[in-house]
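For reference, the structure is listed below as structure tokens.
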Amino acid sequence: MTFEQALARLEIIAQSMQSQQPLDEALAAYTEGCELVKFCQTKLAEMEQKLQVLDNQKLKELNLDNE
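Every number in the numbering used here is 477 more than the matching position in the sequence shown, counting from 1.
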């Protein structure tokens, strides 16, 4: 599964949670959503580690802050 696919599925789950559905279905959707959030967080952390810039022949992490 890609990050984009997981995010799209999370959007579908969020929409379904707004409708009245049986408790068991809501719990299953919530559980799946939690797993997808964890997956997305892991993917983002991996990508953040890969975002590095070359500075004076040394790799250093890219500062994404607007400071």
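Ideal placement from N, C-alpha and C gives every residue a C-beta, glycine not left out.
For Q482, the three-state DSSP class (helix, strand or coil): Here Q482 carries a helix assignment [DSSP, helix/strand/coil].
C-alpha distance - L521 paired with A491, whole-angstrom precision: So the alpha carbons of these two residues sit roughly 20 Å apart.
Just how far apart, CA to CA, sit Q526 and Q518? 12 Å
Would M455 pass as a contact of A506 if the rule is Cβ separation under 9 Å? Within the shown structure, residues of the chain are numbered from 478 to 544, placing residue 455 beyond reach of any answer.
A485 and F516 - do their beta-carbons sit closer together than 9 Å? no
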